[in-house]
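Student:
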Amino acid sequence: MTDVSGVLRHLPSDYINGRFVPIAGETLRSTDPAQPRRIIWSGAADANHIDKAVHAAASALDEWSRKSLEDRAAFLRRWAQVTSDNADRIASLITDEMGKTLAESRVEAKALGEKVNITLDRISLSRVIDYQVPVSESREGFCRFKPHGVMAVIGPFNFPAHLPNGHFVPALLLGNTIVLKPSEKTPAVGQLLAELMDEIGAPPGVFNVVQGTGDIAATLANHPDINGILFTGSWPVGRKILEANLDRPGRIIALEMGGNNPSVVMDDAHLKQAVIENARSAFATTGQRCTCTRRIIVQRSIAEKFIPAFCKAASTLLIGPGRSTAPIFMGPIINETSLNAVLEFQRDLVHRGGRILLEATRAGDPDSNGGYFVTPGVVEVKSFSADHDCEVFGPFAQISIVTDLDEAIEQANASRYGLAASIFATHQSAYEEFFRRCHAGCINWNTGTAGASSKLPFGGVKHSGNYRPAGAFSVDYSAYPVANMVEKSADAAIPAGMTWNDRWI
Numbered sequence: 044m045t046d047v048s049g050v051l052r053h054l055p056s057d058y059i060n061g062r063f064v065p066i067a068g069e070t071l072r073s074t075d076p077a078q079p080r081r082i083i084w085s086g087a088a089d090a091n092h093i094d095k096a097v098h099a100a101a102s103a104l105d106e107w108s109r110k111s112l113e114d115r116a117a118f119l120r121r122w123a124q125v126t127s128d129n130a131d132r133i134a135s136l137i138t139d140e141m142g143k144t145l146a147e148s149r150v151e152a153k154a155l156g157e158k159v160n161i162t163l164d165r166i167s168l169s170r171v172i173d174y175q176v177p178v179s180e181s182r183e184g185f186c187r188f189k190p191h192g193v194m195a196v197i198g199p200f201n202f203p204a205h206l207p208n209g210h211f212v213p214a215l216l217l218g219n220t221i222v223l224k225p226s227e228k229t230p231a232v233g234q235l236l237a238e239l240m241d242e243i244g245a246p247p248g249v250f251n252v253v254q255g256t257g258d259i260a261a262t263l264a265n266h267p268d269i270n271g272i273l274f275t276g277s278w279p280v281g282r283k284i285l286e287a288n289l290d291r292p293g294r295i296i297a298l299e300m301g302g303n304n305p306s307v308v309m310d311d312a313h314l315k316q317a318v319i320e321n322a323r324s325a326f327a328t329t330g331q332r333c334t335c336t337r338r339i340i341v342q343r344s345i346a347e348k349f350i351p352a353f354c355k356a357a358s359t360l361l362i363g364p365g366r367s368t369a370p371i372f373m374g375p376i377i378n379e380t381s382l383n384a385v386l387e388f389q390r391d392l393v394h395r396g397g398r399i400l401l402e403a404t405r406a407g408d409p410d411s412n413g414g415y416f417v418t419p420g421v422v423e424v425k426s427f428s429a430d431h432d433c434e435v436f437g438p439f440a441q442i443s444i445v446t447d448l449d450e451a452i453e454q455a456n457a458s459r460y461g462l463a464a465s466i467f468a469t470h471q472s473a474y475e476e477f478f479r480r481c482h483a484g485c486i487n488w489n490t491g492t493a494g495a496s497s498k499l500p501f502g503g504v505k506h507s508g509n510y511r512p513a514g515a516f517s518v519d520y521s522a523y524p525v526a527n528m529v530e531k532s533a534d535a536a537i538p539a540g541m542t543w544n545d546r547w548i
């Protein structure tokens with residue numbers, strides 16, 4: 044039986060053309076990672092709803108895009124208000140369905156309205172404001188922006204409200220309509236977004252939600268009548284999206300595909316700062332952030348101090364249910380598959396010569412409905428290689444030791460990914476060299492890789508992204524510029540080589 048604790052006001056449903064369409068069943072189910080026998084939401088995906096949702100979004104597009112920018116901004120301000128009014132409701136459901144601590148869930152809920160403010164801020168909005176330039180004495184040039192059309196938003200489980208919201212808020216502002224496919228791990232949060240949109244009177248078809256697993260996402264991403272795909276998830280899925288759209292160069296595709304993020308600790312780093320920030324970034328959200336620190340690269344002369352302190356800090360992290368009244372650091376991992384993936388990766392590293400410094404283990408009794416709790420793991424490896432590069436979405440960090448900055452940068456870049464990176468050093472010259480040579484879309488100095496700001500661009504390079512950063516730059520992929528030239532004179536110049544006689548007209 045579905046248990047949404049009074050948070051949802053409708054039975055499990057898709058949301059199409061302003062109506063909730065029940066999808067009763069058991070084939071699609073989410074559970075509480077802290078109490079896996081507690082079913083949060085259950086339904087049955089309906090592939091026929093994809094066409095209906097896309098058609099509804101396409102039918103609503105003309106009227107929505109004709110509205111003024113200010114009218115659409117006013118609608119989004121109502122969105123900011125309703126998410127603020129329901130912040131506790133949103134946070135509660137995120138914790139129950141995804142497992143993160145209530146403190147983290149409250150931060151995520153608050154971010155929904157903040158995204159509206161950031162999008163309407165001059166820094167973001169000025170990027171898509173029409174402008175005018177003189178072309179000649181009688182001719183004016185204009186740059187105007189048009190929406191792409193129907194945008195498919197495919198959301199992740201780790202920030203099930205914030206990350207889809209980061210896509211559809213700017214897309215709606217600039218005149219697009221939306222079909223959201225939430226993660227199959229967090230369908231209840233996706234439905235809650237629809238309920239809040241319905242509460243503020245979203246025009247029918249402007250915002251739609253279709254639930255389902257990967258096959259539903261694949262069908263949506265390959266639908267002939269969508270104009271863009273905004274995706275947050277893994278590289279293998281992102282690759283399939285690109286493959287499905289090779290013959291559609293005019294379809295905007297914005298991909299954020301995770302990372303195997305490095306953090307470099309130089310011998311002049313402030314040791315306490317480096318230890319605390321690396322421990323926080325490696326294990327925040329139970330290691331389920333795409334920006335979590337996964338590879339720590341330590342200069343040899345400081346390794347004997349940094350490594351034991353880092354492992355000690357990691358061993359003290361409090362683990363418990365997200366609703367715990369104790370000041371826990373992290374909750375459970377999302378499911379059994381993810382928990383086993385962490386432990387299997389640890390075994391593989393040891394098999395290839397890694398040395399366990401802090402063993403990741405399952406916490407609690409799996410037979411007593413104890414939840415998917417896993418302790419932080421740390422393994423020392425000789426070096427990193429793109430040939431054995433793997434993003435493990437859990438509380439696990441690898442450490443390698445290097446002699447100097449050049450080797451540290453080489454090791455930082457030894458990855459197929461390029462989302463986030465950090466360096467801890469006192470001297471700015473080391474940071475500037477790291478910034479110049481490090482292959483990542485987010486590069487930090489003396490702060491950890493996890494904890495991006497929505498006021499800045501957010502995206503990666505290599506297998507982490509396709510140069511369509513979100514954050515403050517999400518407006519860029521929500522509209523495209525169109526050049527207009529307007530001639531004010533009716534006296535067209537006769538070009539050389541043409542003969543003209545006014546009697547012809």
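The numbering of the sequence shown is the numbering used here, which starts it at 44 and goes up by one. Backbone N, C-alpha and C define an ideal beta-carbon position, used for all residues, glycine too. Remember, predicted model here, so these are calculated numbers, not experimental data.
In the structure shown, what three-state DSSP assignment does residue 143 receive?
Tutor: The answer is coil: DSSP assigns residue 143 none of H, G, I, E or B.
Student: Determine the contact status of residue 269 and residue 285, defining contact as a CB-CB distance below 8 Å.
Tutor: No.
Student: With DSSP collapsed to three states, give me the class of residue 331.
Tutor: Residue 331: coil per DSSP, three-state reduction.
Student: So who's on the other strand from residue 248, going by DSSP bridges?
Tutor: Residue 248 is not bridged to any residue.
Student: Residue 275 bridges to which residues according to DSSP?
Tutor: Answer by DSSP bridge pairing, in chain order: 299.
Student: Which stretch, first to last residue, makes up the beta strand (DSSP E) that contains residue 305?
Tutor: Start and end: 304-308.
Student: Where does residue 240 sit, in a helix, a strand or coil, going by DSSP?
Tutor: Residue 240 falls in the helix class under three-state DSSP.
Student: Please list, in chain order, all residues of the same chain as residue 276 whose beta carbon is under 7 Å from its beta carbon, the five residues on each side excluded.
Tutor: 197, 199 and 300, listed in sequence order.
Student: Where do the ends of the alpha helix (DSSP H) carrying residue 537 lie?
Tutor: Counting along the chain, residue 537 falls outside any alpha helix (DSSP H), and DSSP gives it neither H nor E.
Student: Quickly, what does DSSP pair residue 530 with across the bridge? List them, please.
Tutor: In the DSSP output, where bridge partners are listed per residue, residue 530 has 182.
Student: Grouping DSSP H, G and I as helix and E and B as strand, with all else coil, what is residue 423?
Tutor: Looking at residue 423 - three-state DSSP - the assignment turns out to be strand.
Student: According to DSSP, is residue 441 helix, strand or coil?
Tutor: In the structure shown, residue 441 sits in a strand (DSSP, three-state: E or B).
Student: Mind checking residue 305: buried by the 16 CB within 10 Å criterion, or exposed?
Tutor: Classification of residue 305: buried, given that the 10 Å Cβ count is 16 or more.
Student: Residue 93 and residue 262 look like a contact to me (Cβ under 8 Å); what is the Cβ gap, rounded to whole Å?
Tutor: Right, the Cβ-Cβ distance comes to about 5 Å (below 8 Å), so this counts as a contact.
Student: Sorted by chain position, which residues of the same chain lie with C-beta nearer than 6 Å to residue 95's C-beta, five sequence neighbours on each side aside?
Tutor: So the qualifying residues of the chain are 59.
Student: When the Cα atoms are used, what is the spatial distance from residue 259 to residue 90?
Tutor: Computed Cα separation, rounded: 6 Å.
Student: If I follow the unbroken beta strand (DSSP E) through residue 487, where does it start and stop?
Tutor: Where residue 487 is concerned, the enclosing beta strand (DSSP E) stretches over 485-488.
Student: Could you pull out every residue in the same chain whose Cβ sits closer than 7 Å to the Cβ of residue 473, ignoring the five residues on either side in sequence?
Tutor: Hits under 7 Å: 309, 448 and 466.
Student: Should residue 122 be labelled buried (16 or more other beta-carbon atoms within 10 Å of its own) or exposed?
Tutor: Under this definition residue 122 is a buried residue.
Student: Would you kindly report the start and end of the unbroken beta strand (DSSP E) that includes residue 72?
Tutor: It spans 71-75 - the beta strand (DSSP E) in which residue 72 sits, taken as one unbroken run.
Student: Is it buried or exposed, residue 129, if we count other Cβ atoms within 10 angstroms and call 16 or more buried?
Tutor: That one is buried.
Student: Taking the continuous beta strand (DSSP E) assigned at residue 176, which residues delimit it?
Tutor: Looking at the DSSP string, the run of the beta strand (DSSP E) that includes residue 176 is 174-177.
Student: Using the beta-carbon count (16 or more within 10 Å), is residue 66 buried or exposed?
Tutor: That one is buried.
Student: Can you tell me whether DSSP reads residue 169 as helix, strand or coil?
Tutor: Looking at residue 169 - three-state DSSP - the assignment turns out to be helix.
Student: Quick check: the Cα distance between residue 502 and residue 537, rounded to an integer number of angstroms?
Tutor: Going by the C-alpha atoms only, they are around 50 Å apart.
Student: Throw me the rounded Cβ distance for the residue 171 and residue 185 pair, which I believe falls under 8 Å.
Tutor: The Cβ separation is near 14 Å, so there is no contact.
Student: With residue 56 as the anchor, note down where its beta strand (DSSP E) starts and where it stops.
Tutor: First-last of the beta strand (DSSP E) with residue 56: 56-59.
Student: How far does the beta strand (DSSP E) with residue 63 in it reach, from first residue to last?
Tutor: Residues 62-65.
Student: Shortest alpha-carbon distance to residue 133 belongs to which of 155, 115 and 250?
Tutor: The option with the nearest alpha carbon to residue 133 is 155.
Student: Looking at the structure shown, is residue 280 part of a helix, part of a strand, or coil, going by DSSP?
Tutor: Residue 280 falls in the helix class under three-state DSSP.
Student: Determine which residues share a DSSP beta bridge with residue 508 and list them.
Tutor: DSSP, once it has assigned bridges, lists 299 as partnering residue 508.
Student: If we ignore side chains and look at the alpha-carbon of each, how far apart do residue 320 and residue 224 end up?
Tutor: For residue 320 and residue 224, the distance between alpha carbons rounds to 34 Å.
Student: Tell me which same chain residues have a C-beta within less than 8 Å of the C-beta of residue 348, skipping the five on either side of it?
Tutor: The answer, listed in chain order, is 314.
Student: With three or more C-beta pairs closer than 8 Å as the rule, is the stretch 333-347 touching the stretch 367-381?
Tutor: The stretch 367-381 vs the stretch 333-347: no contact.
Student: Rounded to whole angstroms, what is the Cα-Cα separation between residue 397 and residue 114?
Tutor: Taking the straight line from one Cα to the other gives about 58 Å.
Student: How many whole angstroms separate the CB atoms of residue 235 and residue 50, which I take to be in contact at a CB cut-off of 8 Å?
Tutor: Contact flag correct, Cβ pair sits at about 7 Å.
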